[in-house]
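To start, the structure under review is shown below, and the notes come after it.
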Amino acid sequence: MTVTPAPALAFAASERPEAQAALARLTARYGQATEADADVIVALGGDGFMLETLHRNLTRGMPVYGMNRGSVGFLLNDYDEDGLIARIAEAVPTVIHPLQMDAWTGDGTVRSGLAINEVSLLRQTRQSAKLRILVDGRVRLEELACDGCLVATPAGSTAYNLSAHGPIVPLDAKVLALTPISSFRPRRWRGALLPHQSTVAFEVLEADKRPVSATADGFEVRQVTRVEVRERRDVALTMLFDAGRSFDERVLTEQFSA
């Protein structure tokens, strides 16, 4: 009879007191491997810390199982210290692909970052931003006057995108959400759903008068003049969700919540 060894777990926790307390209890109970030697990383915190953990493992693609020791916890499983090995063994993997952001500044410098949730452009001053939007090199919107605009992955569609009244996107829909933030003109434009292989470009109009910043999750570039966004299919990240609480189930639940 062959006995399957328990997976080596690397626990990581945010600075929140409840996350640190959970870290101490769980490592005492299940042991602690280094992230380099682990089979699974267990992230303890909120959605922000889950994103930090995924970003930290972009190149290795280590599966991450999150437990909520934060606030919202949309990307995390419920916290329970019992039966953790069995829960992880039965967990449903969800593979996501980040967005690549390439941002040009006025001196021609290009800075790049990866976003698991969204790439967002935001006005830097009291003046509204003015953006020209191109999809695959074709101008689709000549001028958008707004507080900003974002491109969200399906995984990020329930985050900032949803707060900006963008659509919730099922994970397997193979689309990206393009959503304006406080659109002033055209006032009734609500955004678009784009094929996931699209390249979205934003040209900042009147950049000196109306400066704009661009952010890929937590990585910010200020006073941009042009931003290009595309999906990185060559980078795959795996999140683990408890059986019956898959990411797709969470998306459905969110769409029917009050």
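Note that our numbering has the sequence shown beginning at 48, numbered continuously upward.
Where a beta carbon is used, it is the ideal one built from N, C-alpha and C, also for glycine.
This one's a predicted model, so the numbers in the text were calculated from it and none came from an experiment.
Item	Value
Contact set for M48: own chain, Cβ-Cβ below 8 angstroms, skip 5 residues either direction	Low confidence applies to M48: its pLDDT is 46, below 50, so where it sits in the model is not reliable, and the reading given next is rough at best. Once the five neighbours on either side are set aside, M48 has no close Cβ partner at all.
Beta-carbon proximity list for G93, same chain, < 8 angstroms, skipping 5 on both sides	S61, R63, N115, R116, G117, S118, V119, G120 and L123
Inter-residue Cα distance where the pair is Y77 and D125	18 angstroms
Local conformation of E82 per DSSP, three classes	coil
Limits of the alpha helix (DSSP H) - the one that S210 falls within	Y207 to S210
Beta-carbon proximity list for D281, same chain, < 8 angstroms, skipping 5 on both sides	none
Whether M286 touches I88 by CB criterion (8 angstroms)	no
Beta-carbon contacts of R292 that lie in its chain and below 6 angstroms, excluding the five residues immediately before and after	none
Touch test, the region 158-175 against the region 259-266, Cβ-Cβ under 8 angstroms, three pairs minimum	yes
Alpha carbon of C193 to alpha carbon of A290, nearest angstrom	41 angstroms
DSSP bridge partner residues for L284 (one or two, in chain order)	I143
As assigned by DSSP and simplified to three states, the class of I132	helix
Whole-angstrom distance between L209 and E82, CA atom to CA atom	32 angstroms
Length of the line joining the Cα atoms of R257 and E190	13 angstroms
Residue closest to V268, alpha-carbon to alpha-carbon, out of L225, V157, L56 and I135	V157
Where M114 sits in the DSSP three-state scheme	strand
Where E278 falls, given that 16 or more other Cβ within 10 Å makes a residue buried	buried
Residue environment, D154, which counts as buried when at least 16 other CB atoms sit within 10 Å	exposed
Bridge partner(s) assigned by DSSP for W236	None, per the DSSP bridge assignment.
Same chain only: Cβ atoms within 7 angstroms of P214, ignoring 5 sequence neighbours per side	S204, A224 and L240
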